[in-house]
Each structure stands twice: as structure tokens, then as C-alpha cells.
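Written below as C-alpha cells is the structure these notes are about.
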Amino acid sequence: MAISIRDNFSLGTHEPQSPMVRNDVGHPSFTLTIDGKVMQAYEGQTILSVAIDHGINDIPNLCNDEKLEPTSACRMCLVHIEGADRPLPSCNTAAEPGMVVSTNSDELFHIRRTNLEMMLSDHNAYCQPPCQVDCPTHIDIPGYLELIAKGSMKEAARLVKEVLPFPFILGLTCPAPCQKACRRALVDEEIAICRMHGYAAETCLLDPPTPFVQDPPTGKKVAVIGGGPTGLTNAFYLALHGHYVKVFDMQPQAGGMLRYGIPEYRLPKDMMDREIGQLWSMGVDFQANVKLGRDFEIDDLFAQGFDAVYLAIGCWTSNDLGVPGEDANGVVNAIRYLGEKVEGKPVPVKEGDEVVVIGGGFTAFDCTRTSLRLGAKVHTMYRRGRTEMGATTEEVEDGEAEGTHLQLYVSQTKIVAENGTVTGVEFQRNKLGEPDASGRRRPVPIPGSEFVVNCNTVIPAIGQAVDTKVLNEQSGVKWTKYKT
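Written out as C-alpha cells, the structure is:
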């Protein structure tokens, strides 16, 4: 174990109270106790760096940075030290042999909360807050939260729409990376950021929608291929800037995956239609049931007088499992299944069925919960652990609460079938190895751990891809290796 780079190595003199040894850079080591656990430390380390080196990451701190001298300015990292008459900052208090440290107590909670509130009381807010940094679209989160607090719902919705036109839809479907960065969690709990702008938008949708002043007509015409969230977002801002926009989509109604890939219980379609409907009032046209490569080509649109074409065709092709037997009867396309359920069509899952859903993302849990609500017994199988799942913790816990049997660290090896019909899925247990290209640890099969889950329906939900066949070579559009 090496000395943490968080320390400035301003060594002091310590009387040894436990046997000393030397590490590879010549600093003596000793032990101390933090939260009841005996830990090894090196002379020159602070209490905070020892705690972090041993996996204690919940001591709040705002001013501690490895590139700066520790100053304890924020007073958030205070800890109790046995024998001390008051809590001390862990970021610049040297670790000493035999120390007994406690990092959490009611007293520390209230001190930290008071210190944070004092800092926020005169904060000039010129810096970008962590929630806004972690938001992919960098919405002005503090701005709309302040407007909501004042009761200015329309202005709050308008502020969100400056960078994203569908705050109601987003409020129900976004995985909310902003909330994971919310500093309010240092005081009590994170703010429900997504739900807040969803609430403001819903209030506006139930009242007359938030008006926008459009730029004068430019005379330019833009064709948008794809009526999903990306295409409709593009159409909104193009129309706002005075361009004529027409959206072409292969589905009967606009919305793309919002409509056909997200169940009604997660996104009520009547409210979704109200929010999407603002585009039609802005003069955007929509042509349904037409597909690129089948009904028209890109050159046809230019021939019709469009000045530009925006491609937003979405990912409607489900990834294959890549195992024997996946062509058996009873293997169900996840996206088609969810779409048929939304449209009220007959679906291949009924009460009493035994269903295996393979995957750990939103689509997998949408299929899981939809099947449970149809009366099926469901097994949700994922090859990594909870922290690697694409679905939010809330979504996973809701699936478990509704009754799915969740199994982790398992990978499918083959679909078991009799006379061409599914009877089960064979899995093999995994352990996690080194990280792969995604940055997540790669599942490594454990030999001899195979087992079979009996079922009559299998729903693979391991991701979707773009259908690259919709563009011919004459279109002049070339796909990247990422199929974009």
C-alpha cells in the first residue's frame, strides 16, 4: 500500500504507540481505528486519506483536492477523535498511532448541515452546480427550481424548453444523473430534480401550454426522418427559428420509442400527446406510415424542394443473443412486444406463462413489469451485478416489488427447445473480470456452473441497434463504426 496522493507529506514527529514497519518509500506504518475497524496508515497521512484508502467514502468534503493544500475551509469533514474536546477536520488532521475515530453521529450531521447552510446562504451561484454539470443537456436546474419555488410554473417550463422541449416526458423517463450529483444529499436527501420540472410542465399542459415566440419565416424547408424524441426535438427548434419542418415516420403516430417502447404506466400517452402537440400548433407537419428505403429515398426529399434532411431513425433492431436455439417459437422481440402492448394488439404473454427476460436495462425491466402485470411468472436474468445495470435503482426495485425473480451474474448459453418451441434457457454463472470497452468489468464464465430455467417465453432485451439497410449506397450517407 502506497501513501495516498491526497497528502502533502508535511511530516511531524510521532511517538510510536504500536510496532512500526517501513513501506517502500521509507515512511513508518501504524494502525488506528476508524468506525470500529482497525486500519493501517502511514506517517504523513491525514485521517481523511486513510479513510478513503480503506473504502470509507461517505465523509463529506467540498474543499479537499489532491492538487491543493488541505485547508479544512468547508468544515464538512469533521470527525470525532477519542480524547479530543471537539470534532476536528479529517482533511488536515494527521493520522496517529492508536487513534480511535468516528465519522458519523447525530452531532456531526447537524454540524455539517449547519455549515453547508451557512455556505449556501451567501453563495453567489456564479459557478455551475454539480447537478447542472452532470445533466447531459446542462439545463439551468437552479433556475427552474427557484421559479417553481416561487410558483412560476410556466416560466420554469419555459426555462427548461430553452434546451429541451419536452420537460413533462423527461420528468418521467430520464434516469436523472443530475440527482446523483445533488449536494443536498450532504444535508438530508437529494432533490427530486426530474420530478420537479415534470410537475411544472404537467401544470402547464393542463392549463394553456407555454407560448413561444417564433422567428419570422425563413423560407427554408427541412425534412426530419423519424418522429421519435431526437427528431421531434430537432423539429421543435427548427420551427422556433422560422423554418418549415415536415416529419416523416414509419409508425402510425409520433413519439417513436417514447410511444412504442415505454409502457403506459411509466409514460401516460394522453399527456405525452399534449406535449408533442405543441409542434403541430407551431406549424410542423407530420406524415405517418412511411419508411425510408421502402417508401422514399433521401434524394426524393431534395427533389420535393427540401433544403436539408435530418436523420433520426432510431434504434429499432433488437440485438441477437448469439446462442443456439434463439430462432425457436417463444423467443419474443422486446421492442415489438412493448409496442404491441401499447397499441392494444394481442401479445405473446398471458396469465400463467413463465417468462425469462434477459437484460438489465430499461427495456428489460419494461418487459419484466409488463409481463408481471399480464399475470406471468417472470425471471429477470442479468450477466453483471446491480451497480452495472442500465436501469435505475428505482426501476429495479419496483420490478422486484412486483414479483420478478432477479438473478445476477448469469449469462445465457443456449435456448432449450422441444419440437422447435421454447421450454427453457440454459445459463452459466459468472464472476467479474477486467473492464471491457464500456468501462464495466467483463463477465467471466465459471466452468461447471450451468443450470436451466424452465419457461415458455424468452424476451431478449440486451440492447438495440440502427437498421443500416434503410440507406442505399446511392444516398451518399456513410455509417460510422458506431452506426451513426
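Using the numbering used here, the first residue of the sequence shown is number 2, and each one after it goes up by one. Beta carbons: idealized from backbone N, C-alpha and C, even for Gly. The structure displayed is predicted, hence computed values, not measured ones.
- Would you identify the three-state DSSP class for E265, choosing helix, strand or coil? Against the sequence shown, residue 265 aligns to sequence position 264. Coil, per DSSP.
- Task: Mind checking who T422 pairs with in its DSSP beta bridge?
- Result: On the sequence shown, residue 422 is found 421 positions in, with the first residue counted as 1. Answer is N330 and E419.
- Examine the ligand ATP and report whether any of its heavy atoms sits within less than 6 Å of the Cβ of L373. Among the components modelled here there is no ligand, and therefore nothing to report on the ligand ATP.
- Could you check which residue in G199, A96, A157 and Q133 has the C-alpha nearest to that of G182? Start at 1 with the first residue of the sequence shown, and residue 182 comes out as number 181. For the record, residue 182 in the displayed sequence is Ala; it is not Gly. Measuring from the Cα of A182, the nearest candidate turns out to be Q133.
- For my contact list, T47 and T104 are in at a C-beta cut-off of 8 Å; report their separation, rounded to the angstrom. Walking along the sequence shown from the start, residue 47 turns up at place 46. Walking along the sequence shown from the start, residue 104 turns up at place 103. Actually they do not touch by this definition, with Cβ atoms about 13 Å apart.
- Task: Return the residue from the list G37, G362, L322 and L241 that minimises the CA-CA distance to E427.
- Result: Along the sequence shown, read from residue 1 onward, the residue named residue 427 stands at position 426. Considering only alpha carbons, the answer is L322.
- Message: By the DSSP assignment, the alpha helix (DSSP H) with Q180 in it spans what residues?
- Response: Translated into the one-based positions of the sequence shown, residue 180 becomes position 179. P178 to K181 is the span of the alpha helix (DSSP H), which, as asked, contains Q180.
- Item | C-alpha gap between V471 and C316, whole angstroms | Numbered from 1 along the sequence shown, position 470 holds the residue referred to as residue 471. Numbered from 1 along the sequence shown, position 315 holds the residue referred to as residue 316. Their backbone Cα atoms lie some 12 Å apart in a straight line.
- Item | Buried or exposed (CB count within 10 angstroms, at least 16 for buried), K162 | By 1-based counting over the sequence shown, the position of residue 162 is 161. Buried, by the Cβ-count rule.
- Message: Check whether chain C comes within 7 Å of K181, counting only Cβ atoms and requiring the distance to be less than that.
- Response: The structure shown contains no chain C; it holds only a single protein chain.
- Whose CA, out of L173, E44 and E298, lies closest to the CA of D250? The residue labelled residue 250 in the question sits at position 249 within the sequence shown. When only C-alpha atoms are compared, the closest one is E298.
- Query: Quick one: what's got a C-beta closer than 8 Å to I194's C-beta in the same chain, skipping five residues either side?
  - Reply: By 1-based counting over the sequence shown, the position of residue 194 is 193. Counting only Cβ-Cβ distances below 8 Å, and skipping sequence neighbours, we find C132, I142, L146, A177, C179, Q180 and C183.
- Item | Close-in-space but distant-in-sequence residues of the same chain around R374 (CB under 8 Å, 5 per side omitted) | Taking the sequence shown and counting its residues from 1, one reaches residue 374 at position 373. So the list reads Y266 and E403, once near-sequence residues are dropped.
- Query: Should the segment 186-200 be regarded as contacting the segment 266-279, the criterion being three or more beta carbon pairs within less than 8 Å?
  - Reply: no
- Please name the residue or residues paired with I359 in a DSSP beta bridge. Sequence index remark: in the sequence shown, residue 359 carries index 358 (1-based). Paired residue(s): M382 and P461.
- Message: To the nearest angstrom, how far is the alpha carbon of M40 from that of V102?
- Response: As a working mapping, residue 40 is identified with position 39 in the sequence shown. As a working mapping, residue 102 is identified with position 101 in the sequence shown. Rounded to the nearest angstrom, the two C-alpha atoms are 11 Å apart.
- Item | Beta carbon of A289 nearer than 7 Å to that of P253 | The residue labelled residue 289 in the question sits at position 288 within the sequence shown. The residue labelled residue 253 in the question sits at position 252 within the sequence shown. Yes; because the gap between Cβ atoms is below 7 Å, this pair is in contact.
- How would you call V246, buried or exposed, if buried means at least 16 neighbouring beta carbons within 10 angstroms? Translated into the one-based positions of the sequence shown, residue 246 becomes position 245. V246 is buried by the Cβ-count criterion.
- Message: For N320, which residues in the same chain have their Cβ closer than 8 Å to its Cβ, ignoring the five residues on either side in sequence?
- Response: Locating residue 320 in the sequence shown gives position 319, counting from the first residue. Contacts found: P461, I463, G464, Q465 and A466.
- Among all the DSSP beta bridges, which residues are the ones paired with E156? Taking the sequence shown and counting its residues from 1, the one referred to as residue 156 is at position 155. According to DSSP, E156 bridges with nothing at all.
- Query: Would the beta-carbon of F169 fall within 7 Å of that of G199?
  - Reply: The residue labelled residue 169 in the question sits at position 168 within the sequence shown. The residue labelled residue 199 in the question sits at position 198 within the sequence shown. Their beta carbons are under 7 Å apart, which means F169 touches G199 by this criterion.
- Query: In three-state DSSP terms, what is I82?
  - Reply: Within the sequence shown, residue 82 is the residue found at index 81, counting from 1. In the structure shown, I82 sits in a strand (DSSP, three-state: E or B).
- Would you kindly report the start and end of the unbroken alpha helix (DSSP H) that includes N62? Numbered from 1 along the sequence shown, position 61 holds the residue referred to as residue 62. N62 -> no alpha helix (DSSP H), and no H or E assigned at all.
- Whole-Å CB distance - V358 paired with T381, under 8 Å assumed: Here residue 358 refers to the residue found at position 357 when the sequence shown is read from its first residue. Here residue 381 refers to the residue found at position 380 when the sequence shown is read from its first residue. Confirmed, about 5 Å.
- Which partner residues does P436 have in the DSSP bridge list? For the purposes of this step, residue 436 is taken as the residue at position 435 of the sequence shown. Answer is R442.
- Within the segment 279-354, ranges of the alpha helix (DSSP H) (whole runs, at least 4 residues): 299-304 and 335-344
- Task: Name the one or two DSSP bridge partners that V478 has.
- Result: Here residue 478 corresponds to residue number 477 of the sequence shown, with the count starting at 1. DSSP, once it has assigned bridges, lists no residue as partnering V478.
- The beta strand (DSSP E) spanning N455 covers which residue range? On the sequence shown, residue 455 is found 454 positions in, with the first residue counted as 1. Taken as a continuous stretch (DSSP letters only), the beta strand (DSSP E) holding N455 covers F452 to N455.
- Which of the three DSSP states, helix, strand or coil, is assigned to V246? Walking along the sequence shown from the start, residue 246 turns up at place 245. Three-state DSSP puts V246 in a strand.
- Query: Comparing alpha-carbon positions, which option in N235, T371 and T458 lies nearest G340?
  - Reply: On the sequence shown, position 339 is the one that residue 340 refers to. Closest by alpha carbon: T371.
- Cβ neighbours of R443 in the same chain (closer than 8 Å, five flanking residues each side left out): Translated into positions along the sequence shown, residue 443 becomes position 442. If we look at R443 and ignore the five residues flanking it on each side, its Cβ neighbours are L433, G434, E435, P436 and D437.
- What span of residues does the beta strand (DSSP E) with I53 cover, start to end? What you label residue 53 is simply residue 52 of the sequence shown in a count that begins at 1. Per DSSP, I53 belongs to no beta strand (DSSP E); it is in the alpha helix (DSSP H), I48 to D54.
- Message: Measuring only the C-alpha atoms, how far is E355 from T458?
- Response: Counting from 1 along the sequence shown, the entry for residue 355 is found at position 354. Counting from 1 along the sequence shown, the entry for residue 458 is found at position 457. Roughly 6 Å between the two C-alpha positions.
- Item | Bridge-paired residues (DSSP) for T32 | Here residue 32 corresponds to residue number 31 of the sequence shown, with the count starting at 1. Q41, per the DSSP bridge assignment.
- Item | CA nearest to the CA of V379, picked from T405, G361 and G386 | Within the sequence shown, the letter at position 378 stands for residue 379. Residue T405 is the option with its Cα nearest to V379.
- Query: So what does DSSP say about Q133, is it helix, strand or coil?
  - Reply: As a working note, residue 133 is residue 132 in the sequence shown. If DSSP states are grouped into helix, strand and coil, Q133 belongs with the helices.
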